[in-house]
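One line per chain: the protein sequences are A and B, in this order.
Numbering that gives the first Met the number 0 applies: residue 0 is where the first sequence begins, and numbers increase by one.
Numbering that gives the first Met the number 0 applies: residue 0 is where the second sequence begins, and numbers increase by one.
Glycine included, C-beta positions come from ideal geometry on N, C-alpha and C.
Scroll down for the structure; my scribbles are underneath it.
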Amino acid sequence: MRIPLVTALAAILTAAAAPIWAHHAFAAEFDAKKPVKLTGKVTKVEWINPHAWIHIAVKNADGSDQEWMIEAGTPNTLFRRGFTKDSLAIGTDIVVDGYQAKDGSFRANGRDITLPDGRKLFLGNNNAGEGAPEQK
Amino acid sequence: MRSKESGVSRLKSEARNILAPVFRLLTPLLLSPFFLSAQTYTPPRTPDGQPDLQGVWTNATITPLERPAEFAGKAFMTKEEAAAYERRVLANNDADRRDGGAEADVGRAYNNAWYDRGTKTVPTLRTSLIIDPPDGHIPPLTPQRQKQMDEIRRAAIGHSTDGPENRALTERCILWPTAGPPMLPSFYNNNYQIVQAPGYVMILVEMVHDARIIPLDNRPHLPASVHEWMGDSRGHWEGNTLVVETTNFSDKTRFRGADEHMRLVERFTRIGPDTINYEFTVDDPSAFTKPWTAQIPMTRTEGPIFEYACHEGNYAMADMLAGARAQEKAEAAQAPKAGN
Numbered sequence: 000m001r002i003p004l005v006t007a008l009a010a011i012l013t014a015a016a017a018p019i020w021a022h023h024a025f026a027a028e029f030d031a032k033k034p035v036k037l038t039g040k041v042t043k044v045e046w047i048n049p050h051a052w053i054h055i056a057v058k059n060a061d062g063s064d065q066e067w068m069i070e071a072g073t074p075n076t077l078f079r080r081g082f083t084k085d086s087l088a089i090g091t092d093i094v095v096d097g098y099q100a101k102d103g104s105f106r107a108n109g110r111d112i113t114l115p116d117g118r119k120l121f122l123g124n125n126n127a128g129e130g131a132p133e134q135k
Numbered sequence: 000m001r002s003k004e005s006g007v008s009r010l011k012s013e014a015r016n017i018l019a020p021v022f023r024l025l026t027p028l029l030l031s032p033f034f035l036s037a038q039t040y041t042p043p044r045t046p047d048g049q050p051d052l053q054g055v056w057t058n059a060t061i062t063p064l065e066r067p068a069e070f071a072g073k074a075f076m077t078k079e080e081a082a083a084y085e086r087r088v089l090a091n092n093d094a095d096r097r098d099g100g101a102e103a104d105v106g107r108a109y110n111n112a113w114y115d116r117g118t119k120t121v122p123t124l125r126t127s128l129i130i131d132p133p134d135g136h137i138p139p140l141t142p143q144r145q146k147q148m149d150e151i152r153r154a155a156i157g158h159s160t161d162g163p164e165n166r167a168l169t170e171r172c173i174l175w176p177t178a179g180p181p182m183l184p185s186f187y188n189n190n191y192q193i194v195q196a197p198g199y200v201m202i203l204v205e206m207v208h209d210a211r212i213i214p215l216d217n218r219p220h221l222p223a224s225v226h227e228w229m230g231d232s233r234g235h236w237e238g239n240t241l242v243v244e245t246t247n248f249s250d251k252t253r254f255r256g257a258d259e260h261m262r263l264v265e266r267f268t269r270i271g272p273d274t275i276n277y278e279f280t281v282d283d284p285s286a287f288t289k290p291w292t293a294q295i296p297m298t299r300t301e302g303p304i305f306e307y308a309c310h311e312g313n314y315a316m317a318d319m320l321a322g323a324r325a326q327e328k329a330e331a332a333q334a335p336k337a338g339n
């Protein structure tokens with residue numbers, strides 16, 4: 000009997016890797032050799048599965064804006080914690096420490112996201128108990 | 000010469016010695032609210048007379064499927080051990096880890112705020128969700144299946160980003176390995192909605208929003224040539240327990256090394272207003288040296304079930320493949336030109 004080898008493997012690998020990698024392997028998507036630190040204003044937040052995406056406008060040296068997309072986790076868990084689309088308001092200045100996409104596009108995963116008042120926003124820091132930032 | 004009486008008392012004392020560890024093991028179980036309620040609870044009925052399992056339930060727990068090495072030979076934790084285990088697991092889940100360099104950092108992209116893995120051990124204080132075999136471990140794969148799995152692994156090396164079909168079912172928004180059946184706790188979206196109608200039970204799984212519709216009318220399974228992602232489920236009631244038998248699995252899911260021949264029996268028993276005892280037995284003689292059984296409580300939780308809508312936001316699939324193409328291009332540009 001011929002087994003669809005590769006497909007089966009993918010399923011197995013994911014099962015094994017799941018506790019670390021969530022929906023997919025970040026390592027396949029983002030480049031550990033391209034760390035980025037971005038400062039920008041939130042322009043849009045897509046609260047969609049499998050991963051939410053935060054869009055920010057980062058100022059170039061010539062004053063123009065470059066849009067970056069920052070990948071985050073599943074929205075369902077956040078909804079359940081009371082985190083809504085208003086919790087991260089458009090226009091909020093954030094700082095993102097992360098890694099750029101392997102294909103060189105303006106996408107990154109957010110290792111840390113920091114709000115203007117210094118609070119870390121749910122990534123890479125032990126603030127699970129703090130919940131969503133207050134609405135403005 | 001010993002008197003008859005002292006012989007009897009010796010026997011009694013030996014019996015006590017032999018049975019003491021058994022009682023030590025059983026006591027936490029027998030005294031747990033989980034077990035006591037199971038003995039006495041009579042679930043309400045649906046209008047058509049089925050025991051009522053309806054509602055939104057979660058199976059989130061930090062008790063692992065297989066027994067951790069630290070509890071080897073021990074089926075149950077004491078209350079103190081459970082409290083310590085919970086503290087340790089939560090601290091570990093919450094840790095802001097920076098070790099392991101950039102590669103590890105990329106994979107570890109987000110923290111416990113995004114997860115919803117539960118914070119408690121199972122109420123029975125069992126050290127593993129697996130209750131049989133008694134060692135709390137999945138039985139070893141048969142040598143043939145182990146060989147087959149190794150071959151699968153070898154054949155996939157270097158092809159993981161050839162195309163979307165090479166990616167995991169999760170990444171393709173097809174099926175989550177814990178969505179089941181069997182249904183296992185994962186790190187978030189551990190929520191299930193059970194709806195009953197005359198002749199049917201439906202289970203909606205939040206993770207990747209799969210709905211399993213289980214007929215209760217004793218109809219035969221699908222022909223053996225038909226394979227489904229979640230298999231083909233048939234249910235019936237044994238007293239207050241819903242028994243669901245699932246066959247006709249796909250060989251693309253390969254639950255823990257099983258294949259399309261897996262036969263899964265699940266048992267749902269409501270043991271209190273807010274708890275369903277969920278048990279499943281996996282049987283696939285071509286994969287496992289013997290069948291194995293796990294027991295997981297499902298606890299009533301607040302709804303609603305949220306839509307997963309995976310494809311709409313699955314930018315990651317394109318990013319992963321585009322990343323692989325960019326890497327190949329960069330490697331080709333660096334490689335010495337043929338003939339030089």
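Cα-Cα separation between residue i and residue j, rounded to whole angstroms
i: residue 63/B; j: residue 225/B; result: 33 Å
i: residue 278/B; j: residue 294/B; result: 4 Å
i: residue 60/A; j: residue 107/A; result: 20 Å
i: residue 83/B; j: residue 58/B; result: 21 Å
i: residue 159/B; j: residue 48/B; result: 50 Å
i: residue 208/B; j: residue 307/B; result: 6 Å
i: residue 76/A; j: residue 84/A; result: 13 Å
i: residue 77/B; j: residue 124/B; result: 7 Å
i: residue 244/B; j: residue 170/B; result: 28 Å
i: residue 45/B; j: residue 222/B; result: 32 Å
i: residue 82/A; j: residue 187/B; result: 15 Å
i: residue 182/B; j: residue 176/B; result: 9 Å
i: residue 184/B; j: residue 60/B; result: 7 Å
i: residue 233/B; j: residue 215/B; result: 6 Å
i: residue 304/B; j: residue 313/B; result: 20 Å
i: residue 167/B; j: residue 201/B; result: 26 Å
i: residue 280/B; j: residue 65/B; result: 14 Å
i: residue 32/A; j: residue 136/B; result: 39 Å
i: residue 56/A; j: residue 71/A; result: 17 Å
i: residue 142/A; j: residue 87/A; result: Chain A is shown only over 0 to 135; residue 142/A falls outside these bounds and no answer can be derived.
i: residue 66/A; j: residue 325/B; result: 21 Å
i: residue 174/B; j: residue 335/B; result: 43 Å
i: residue 327/B; j: residue 79/A; result: 41 Å
i: residue 217/B; j: residue 42/B; result: 23 Å
i: residue 162/B; j: residue 73/B; result: 46 Å
i: residue 116/B; j: residue 152/B; result: 29 Å
i: residue 241/B; j: residue 210/B; result: 17 Å
i: residue 112/A; j: residue 219/B; result: 54 Å
i: residue 147/B; j: residue 287/B; result: 13 Å
i: residue 231/B; j: residue 95/B; result: 43 Å
i: residue 237/B; j: residue 103/B; result: 49 Å
i: residue 189/B; j: residue 298/B; result: 11 Å
Status (buried if at least 16 other CB within 10 Å, exposed otherwise) for residue i
i: residue 62/A; result: exposed
i: residue 247/B; result: buried
i: residue 149/B; result: exposed
i: residue 51/A; result: buried
i: residue 68/B; result: exposed
i: residue 122/B; result: buried
i: residue 126/B; result: buried
i: residue 265/B; result: buried
i: residue 142/A; result: What is shown of chain A runs 0 to 135, which leaves residue 142/A out entirely.
i: residue 165/B; result: buried
i: residue 98/B; result: exposed
i: residue 322/B; result: buried
i: residue 195/B; result: buried
i: residue 91/B; result: exposed
i: residue 43/A; result: exposed
i: residue 115/A; result: exposed
Check: residue i C-beta below 7 Å from any heavy atom of the ligand NAD
i: residue 150/B; result: As far as ligands go, the structure on display features none, and thus does not contain the ligand NAD.
Members of the stretch 203-226 of chain B that neighbour chain A once the beta carbon cut-off is set at 7 Å
205
With a threshold of 8 Å, are at least 3 pairs of Cβ atoms found where one atom belongs to the stretch 226-236 of chain B and the other to the stretch 93-103 of chain A?
no
May I ask you to list, following chain order, the residues of the stretch 45-57 of chain A that have a beta carbon less than 8 Å from some beta carbon of chain B?
Along the stretch 45-57 of chain A, going in chain order, the ones with a CB nearer than 8 Å to a CB of chain B are 45, 47, 48, 49, 50, 51, 52.
Runs of 3 residues minimum, wholly inside the stretch 92-118 of chain A: which ones carry the beta strand (DSSP E) assignment?
When DSSP assignments are scanned along the stretch 92-118 of chain A, the uninterrupted stretches of beta strand (DSSP E) that are 3 or more residues long and fall wholly within it turn out to be 92-100, 106-113.
Contact residues within the stretch 86-106 of chain A, judged by C-beta distance below 9 Å to chain B
In summary, the residues of the stretch 86-106 of chain A whose CB is separated from some CB of chain B by less than 9 Å are 97, 98, 100, 101, 102, 103, 104, 106, in the order they occur in the chain.
Complete beta strand (DSSP E) runs within the stretch 191-279 of chain B (minimum length 3 residues, chain order):
199-204, 209-214, 231-237, 240-246, 262-271
Give the list of continuous alpha helix (DSSP H) stretches no shorter than 4 residues that lie fully inside the stretch 115-166 of chain B.
142-155
Cβ-based contacts, 7 Å cut-off: residues of the stretch 287-310 of chain B near chain A:
305, 307, 308, 309
Note down, one range per segment and in chain order, each beta strand (DSSP E) of at least 3 residues found wholly within the stretch 279-304 of chain B.
291-299
Which ranges would you report for the alpha helix (DSSP H) in the stretch 45-93 of chain A if only whole runs of at least 4 residues count?
74-79
Interface residues of the stretch 61-81 of chain A facing chain B [CB-CB below 9 Å]:
For the stretch 61-81 of chain A, the beta-carbon criterion of a distance under 9 Å to any beta-carbon of chain B is satisfied by 68, 70, 71, 72, 73, 74, 75, 76, 77, 78, 79, 80.
Below 7 Å between beta carbons is the criterion; list the residues of the stretch 262-279 of chain B that meet it against any residue of chain A, in chain order.
none
Proximal residues, the stretch 112-139 of chain B versus chain A, C-beta separation under 8 Å:
Taking 8 Å as the Cβ-Cβ cut-off against chain A, the residues of the stretch 112-139 of chain B that qualify are 112, 113, 114, 115.
Taking a Cβ distance cut-off of 7 Å, strictly less, list which residues of the stretch 56-76 of chain B are near chain A, in chain order.
none
Output needed in chain order: residues of the stretch 186-202 of chain B with a Cβ under 7 Å from some Cβ in chain A.
Those would be 186, 187, 188, in chain order.
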